[in-house]
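A short worksheet on the structure shown next.
Numbering (the numbering used here), first residue to last: 18 to 829.
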């Protein structure tokens with residue numbers, strides 16, 4: 018009861034304190050906000066007053082400089098006036114000066130005050146000749162200026178400018194040449210020359226005093242003493258839009274150019290809106306909300322205290338129940354559990370521990386020391402998980418291996434207790450040893466074969482590599498032990514990294530069956546070793562995502578070195594053969610022409626055989642040289658726009674004699690129209706000649722070889738079709754490889770190098786096209802390749818309309 022009463026009074030005490038603090042904070046915030054707003058208003062006004070002083074200085078310097086010009090030479094031209102106006106940047110200095118000029122008394126009428134010079138032209142020229150003596154205000158200001166020797170201002174006067182009477186201000190300054198001694202020694206008396214003046218736009222002069230003036234403050238200006246009854250000379254905001262109840266006002270009376278000037282500054286509606294007038298009320302609302310929150314928390318704490326008391330009683334009952342359940346769980350647990358004191362004396366064991374540690378001669382475990390039961394256990398070791406091997410006994414089948422987890426804890430009385438969790442892992446350890454021996458034999462086999470193996474799990478982002486792989490890549494330790502394969506990329510030559518990643522990526526997305534790549538890895542020194550990688554995805558999920566990849570990597574540095582030696586040898590031999598072959602061909606050609614006149618058939622046949630064989634050898638040498646250029650990346654392609662029909666006619670004429678020699682006909686189907694393809698003429702003729710000669714060579718006697726062109730999307734597909742034995746299906750994957758020839762009876766009778774199709778594929782791909790084939794054994798075979806259309810050709814044509822080959826041949 019006393020506790021409830023104390024809580025009640027505590028709540029009211031806290032509420033009273035919070036309300037008092039809220040009121041005090043609100044008052045303080047209001048004072049701070051008012052002071053800050055007043056400071057902001059004062060800063061804006063002071064900036065404007067300073068700007069007004071600077072404007073007056075500009076007027077004085079401008080007219081002082083102009084007076085100096087007329088003192089130096091009274092005959093100042095309009096050009097010189099223009100130069101001076103541009104030099105002081107009348108329209109750019111934002112001072113409100115519309116024009117500057119000079120006025121003097123007339124000789125015939127000394128009382129007149131005529132405008133003699135004025136610039137700029139606009140609005141100056143309309144004021145030239147005006148007699149200021151007609152304006153009493155100007156006369157009065159001129160008299161004051163001459164008497165005081167200072168500037169005098171007429172703030173508002175109607176002047177005839179460009180045919181209109183406009184309200185302007187006139188600022189006058191007397192021009193007097195002081196007395197001085199001339200060059201001949203005589204004294205020249207002082208001389209009054211006239212007045213320099215400035216025509217002012219008073220609205221512009223007052224409107225540009227401060228950047229914040231037009232939005233945050235309102236300004237009214239009168240050139241009068243006291244509180245004038247007339248409307249202000251200047252007012253930046255119309256009376257209808259002005260703040261009727263301003264909270265901030267500053268009334269200033271200053272002297273400007275000999276005239277009293279009253280400036281009335283008031284805060285605008287926008288200035289009042291952005292001031293923090295609501296800050297005190299916001300503070301009050303926050304304080305009241307905080308007070309309500311504190312009261313709510315106090316009530317919650319009282320309710321929580323009562324709830325905790327009730328829960329303590331319930332938890333005490335639950336603890337008794339849970340202790341009973343815990344004992345039941347421990348007794349029936351599969352793990353062997355032993356509890357000891359600080360000295361290792363066994364206090365409690367469960368049934369699994371009894372079964373694991375007791376022998377037929379053991380009476381019980383309680384009251385025994387744990388070291389007797391588990392020899393080799395060190396009770397002083399810190400808590401951890403470790404393995405413990407028990408020696409073999411007459412009741413066990415060899416040694417027993419236990420996995421032990423030690424946990425030390427304190428009772429409520431501060432006594433030390435140790436709990437041992439044990440599991441028999443003898444069978445698992447034996448299996449692990451067998452697996453380790455198998456892996457060791459596997460590693461030895463891979464080391465002997467010099468093959469590195471890797472296994473990547475994409476789902477878990479882990480990898481497993483063989484010992485030989487680490488030796489081959491010279492990777493002894495990994496940054497990420499779970500993914501050692503990741504370290505390989507750092508050791509690959511920068512130019513070869515894309516080769517491996519691109520091959521793996523294509524295999525992972527299903528673009529190819531195997532990921533094959535060659536790359537260089539850094540050796541322990543400054544050399545690079547070549548590695549051949551071959552991998553395959555072995556596991557996919559239901560959605561077709563790769564889960565696991567297995568691959569091998571082999572050091573092929575020696576093989577690459579031998580291949581390069583072979584390539585260098587072949588290139589050297591080919592170059593050495595090409596020159597004598599050219600001479601042999603030329604000599605045989607001359608000998609053939611002479612034998613034709615001598616009518617020696619036997620000798621002519623021998624020369625024909627020699628010439629045929631030299632032609633074969635010359636073609637072989639050229640093919641080998643082309644292949645070596647392509648392998649070295651030195652094949653030059655000079656692609657440009659070529660006429661499709663002319664190319665097909667040209668190649669058909671070249672191959673026609675060979676087709677006749679093979680006993681086959683030749684058909685050419687060319688789309689009607691002037692279509693141009695982007696290609697190298699020399700290289701595309703080489704490709705077409707190779708495909709057509711192969712088609713003629715492997716066609717059945719009496720059949721016809723067809724050369725045709727077909728428009729595709731942005732490219733032309735050129736095809737060569739023949740009828741013959743076709744290409745065996747098992748030879749399809751190797752048909753574009755160098756020196757590859759199908760092992761058939763028909764092929765054994767044909768002569769060839771096996772390089773033509775390999776060279777053709779490289780040439781077509783270098784010119785931006787693709788090449789392929791389709792063959793049905795003993796029926797039809799089609800070889801095709803594509804060429805991109807030139808930009809200046811028509812992208813549409815009718816395939817049913819074809820050109821007449823004879824007409825095209827005649828036109829060519």
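Heads up, the beta-carbon is just placed ideally off N, CA and C, and yes, glycines get one too.
Between the CA atoms of residue j and residue i - distance to the nearest angstrom
i           : j           : result
residue 671 : residue 557 : 54 Å
residue 765 : residue 683 : For residue 765, the predicted model reports a pLDDT of 46, less than 50, meaning its position is unreliable; a value from the coordinates is still stated below. Cα to Cα, the separation comes out at about 24 Å.
residue 667 : residue 606 : 24 Å
residue 210 : residue 223 : 31 Å
residue 102 : residue 54  : 42 Å
residue 415 : residue 395 : 22 Å
residue 565 : residue 373 : 41 Å
residue 295 : residue 35  : 21 Å
residue 446 : residue 536 : 41 Å
residue 320 : residue 303 : 25 Å
residue 485 : residue 527 : 29 Å
residue 161 : residue 42  : 60 Å
residue 39  : residue 305 : 7 Å
residue 471 : residue 779 : 33 Å
residue 298 : residue 65  : 33 Å
residue 316 : residue 370 : 53 Å
residue 796 : residue 725 : 18 Å
residue 571 : residue 554 : 18 Å
residue 282 : residue 112 : 20 Å
residue 524 : residue 599 : 48 Å
residue 534 : residue 804 : 28 Å
residue 313 : residue 323 : 16 Å
residue 378 : residue 439 : Summary for residue 378: the model assigns pLDDT 48, below 50, so the residue's position carries little reliability; its value from the coordinates is reported in the next sentence. Approximately 22 Å, taken between the alpha carbons.
residue 300 : residue 265 : 23 Å
Residue interval of the alpha helix (DSSP H) (run including residue i)
i           : result
residue 521 : 514 to 525
residue 90  : Per DSSP, residue 90 belongs to no alpha helix (DSSP H) and is neither H nor E.
residue 465 : 443 to 466
residue 254 : From DSSP, residue 254 is part of no alpha helix (DSSP H); its letter is neither H nor E.
residue 507 : 505 to 508
residue 196 : Here residue 196 belongs to no alpha helix (DSSP H), and DSSP marks it neither H nor E.
residue 155 : 153 to 165
residue 831 : In the structure as shown, the chain begins at 18 and stops at 829. Residue 831 is therefore absent and cannot be evaluated.
residue 484 : 484 to 490
Cβ of residue i within 9 Å of any chain D Cβ
i           : result
residue 235 : Reference to chain D is not applicable here, since this structure consists of a single protein chain.
Whole-angstrom C-beta distance between residue j and residue i, which should lie under 8 Å
i           : j           : result
residue 172 : residue 186 : 5 Å
residue 106 : residue 218 : No, residue 106 and residue 218 are not in contact; Cβ-Cβ is about 15 Å, not under 8 Å.
residue 358 : residue 433 : 7 Å
residue 405 : residue 391 : 6 Å
residue 251 : residue 238 : 4 Å
residue 737 : residue 708 : 4 Å
residue 14  : residue 215 : Lying outside 18 to 829, the shown extent of the chain, residue 14 is not represented and no answer is given.
residue 694 : residue 733 : 5 Å
residue 276 : residue 170 : 6 Å
residue 354 : residue 425 : Not quite, the Cβ-Cβ distance comes to about 15 Å (not below 8 Å), so this is no contact.
residue 308 : residue 32  : 7 Å
residue 61  : residue 227 : 6 Å
In DSSP terms, what residue i is bridged to
i           : result
residue 175 : 184
residue 808 : Paired residue(s): none; residue 808 is not in a bridge.
residue 148 : 131
residue 330 : Note: residue 330 sits in no beta bridge, so no partner.
residue 356 : 365, 436
residue 213 : 119, 190
Extent of the continuous beta strand (DSSP E) to which residue i belongs
i           : result
residue 224 : Here residue 224 belongs to no beta strand (DSSP E); instead the alpha helix (DSSP H) covers 219 to 224.
residue 118 : 114 to 121
residue 566 : 563 to 572
residue 537 : 531 to 539
residue 421 : 417 to 427
residue 556 : 545 to 557
residue 792 : 788 to 792
residue 740 : 732 to 740
residue 236 : 234 to 239
Any alpha helix (DSSP H) of 4 or more consecutive residues that is wholly inside the region 261 to 307: 286 to 291
Entirely enclosed alpha helix (DSSP H) segments - the region 657 to 730, minimum 4 residues: 661 to 679, 698 to 714
Secondary structure, beta strand (DSSP E): runs of 3+ residues fully inside the region 361 to 409: 363 to 366, 402 to 407
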